[in-house]
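Some notes on the structure that comes next.
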Amino acid sequence: MAEFSNNIARLEPSATLAITARAKALQAEGRSVVNLSAGEPSFPTPGVAAEGAWTAVAAGKTGYPPTPGLPELRGAIARYTAETTGAGEVDPGSILVGAGVKQGLFNLTYCLFGEGDEVLIPAPYWPSYTAIVHLSRARPVVAPLAWEDGFRLTAAALEAERTPRTRGLLVNSPANPTGAVADRDDLAGVLEWAGEHGVWVLSDEIYRRLYYAEDGGSAPSVLDIPDRPDHVVALDGMSKAFSMPGWRIGWAVGPLDVIGQAAALQSQTTSAAAGPSQYASAAVLGSSERESIVAAFRETLDRRRRSSLETLRDAPGVEVVNQPGAIYHYLRLPEGADSMATAEALLLDGGVAAIPGEAFGTPGYLRITYAADDEALAEGVRRIVEFFDRT
Ligand SMILES: Cc1ncc(COP(=O)(O)O)c(C=O)c1O
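In case it helps, the working numbering puts the sequence shown at residues 138 to 528.
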């Protein structure tokens, strides 16, 4: 048995991936399981991405890319950000491209926080946040948000957990797992609070374009807030809105010195994100089809969101809220229900894989995705209603 270092003393394997693997194993045994656990859009990669990658590879562009990203891609991200947020002109030098938002978050957290620092994480949260903060040897401090309040992110919820050691805050809007979206005023309030207390804000905006409000298109970004403090970094990527999770491209937009240090760290770990994936992403972001690609995904997801919500409302004892963003419903179970045991029973007896709230720091809930294809989603939510009817 190998002995492992202290670096990974708090490392826990992803609960989401574990359930997904279990669902796949049951399917391989011939069991009928509808997998609503993984947060992965069901759409194929846009054709323009494959073309961009292939053209570059065929032209022999397969050398090491520059660590912070290909100039073509950083330029395309700068224009995309300027066109879809209130950032104004964006300096490509303020952008670091990495292997997904996850790598960007890791790089920044590792560079900015360490031993003795506290990093606030509003709950429910994406499980990688606590894991990444632990890897940087800082302490994740959970700031609970309230179901009754629609999991609204407010400066008051953060202030309640602030101590003299608070150095950072991870914001996620639209949020995984709740689908909640911070409005502009709440975001401005959070940034003002962060400015007052010298707290670094890492804003994970991977679901920014998956926003289904009437005036949809883009959920509010920290980059929309004109008088935001300097210590704010926005992260976004190709995985969700462009349905390209396997290409592993994400980026961070932030102050030059921080982006420079994060790039230095990346230069000693992965060197750079994969070149063909960068060419593919540049092709999509620079394409005249870009907005119609996002709009088509958004329309389909919204249709799935509404129809699954409608069906889930019939599940006895389960509460579900109409939230305007991301790709998830977060179901509240009846008072006192054990969400771990419920997820297990739903998988084995109900034939649906869902993630228990424990994974997101909030027992008593189940997360399902509505990004599964139409048929699987309809069958999955039908089974969920039937399961709760029976139990
Ligand atoms: C909140 C959140 N951030 C980041 C990611 C991962 O993004 P990427 O694929 O760009 O690493 C996910 C994926 O599920 C997510 O839910």
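For glycine and all other residues, C-beta sits at the position ideal for the given N, C-alpha and C. What you are looking at is a predicted structure, and each value in this text was computed from that prediction instead of being measured.
- Task: Please work out which residues of its chain come closer than 7 angstroms, Cβ to Cβ, to residue 298, disregarding the five sequence neighbours upstream and downstream, and give them in chain order.
- Result: Answer for residue 298: 257, 278, 280, listed in chain order.
- Bridge partner(s) assigned by DSSP for residue 504: 467, 492
- Close-in-space but distant-in-sequence residues of the same chain around residue 492 (CB under 6 angstroms, 5 per side omitted): Cβ contact annotation for residue 492 (same chain, cutoff 6 angstroms, sequence separation greater than five): 153, 156, 174, 504, in chain order.
- Message: Assuming residue 387 is part of the beta strand (DSSP E), what are its boundary residues?
- Response: According to the DSSP assignment, residue 387 belongs to the beta strand (DSSP E) that extends over 387 to 390.
- Within its chain, find whatever has a CB closer than 6 angstroms to the CB of residue 319; leave out the 5 residues flanking it on each side and keep chain order. 290, 310
- Under 6 angstroms from any heavy atom of ligand 1, does the C-beta of residue 376 make it? yes
- Taking 7 angstroms as the CB-CB limit, is residue 276 close to chain B? In the structure shown, chain B does not exist; there is a single protein chain.
- Item | Entirely enclosed alpha helix (DSSP H) segments - the stretch 250 to 337, minimum 4 residues | Whole alpha helix (DSSP H) segments, 4+ residues: 265 to 272, 292 to 296, 321 to 334.
- Distance between beta carbons of residue 233 and residue 389, contact taken as under 8 angstroms: 5 angstroms
- Query: Got a sec? Which residues, its chain only, sit under 8 angstroms from residue 181 by beta carbon, not counting five neighbours each side?
  - Reply: 380
- Check whether the Cβ atoms of residue 516 and residue 171 lie closer than 7 angstroms to each other. yes
- Closer than 6 angstroms by C-beta to residue 241: which residues in its own chain qualify, once you throw out the five before and the five after it? Chain order, please. 235, 372, 387, 389
- Query: What's the C-alpha gap between residue 369 and residue 323?
  - Reply: 15 angstroms
- Backbone secondary structure at residue 362 - three-state DSSP: coil
- Query: Are residue 190 and residue 413 touching if we call contact CB-CB under 7 angstroms?
  - Reply: yes
- Leaving aside the five residues before and after residue 207 along the sequence, list all residues of the same chain whose C-beta is less than 6 angstroms from its C-beta, in chain order. Within the same chain, residue 207 has close Cβ partners 415.
- Task: Indicate whether residue 349 and residue 286 have their beta-carbon atoms separated by less than 7 angstroms.
- Result: no
- Task: Would you list the one or two residues that DSSP bridges to residue 172?
- Result: 490
- Query: Among 441, 358, 521, 143, which one has its Cα closest to the Cα of residue 455?
  - Reply: 521
- Who are residue 351's beta bridge partners in DSSP? DSSP output for residue 351 lists no bridge partner at all.
- Query: What span of residues does the beta strand (DSSP E) with residue 521 cover, start to end?
  - Reply: First-last for residue 521: 511 to 527, but that is the alpha helix (DSSP H), not the beta strand (DSSP E).
- Item | Near ligand 1: residue 313 beta-carbon under 6 angstroms from a heavy atom | yes
- Cβ neighbours of residue 221 in the same chain (closer than 7 angstroms, five flanking residues each side left out): Cβ neighbours of residue 221 beyond the five flanking positions: 355.
- Rounded separation between residue 192 and residue 205 - CA only: Within the model, the alpha-carbon separation for residue 192 versus residue 205 is close to 22 angstroms.
- Which residue comes first and which comes last in the alpha helix (DSSP H) that contains residue 189? 184 to 195
- Counting only the same chain and skipping the five closest in sequence on each side, list residues whose C-beta sits under 7 angstroms from that of residue 169. If we look at residue 169 and ignore the five residues flanking it on each side, its Cβ neighbours are 488.
- DSSP three-state assignment for residue 372, whether helix, strand or coil: strand
- Residues bridged to residue 232 by DSSP? For residue 232, which the question treats as bridged, DSSP gives the partners 390.
- Are the beta-carbon atoms belonging to residue 255 and residue 303 less than 7 angstroms from one another? yes
- Ignore the nearest five residues each way along the sequence and tell me which others in residue 398's own chain have a CB closer than 8 angstroms to its CB. 248
- Continuous alpha helix (DSSP H) stretch holding residue 445: start and end: 427 to 449
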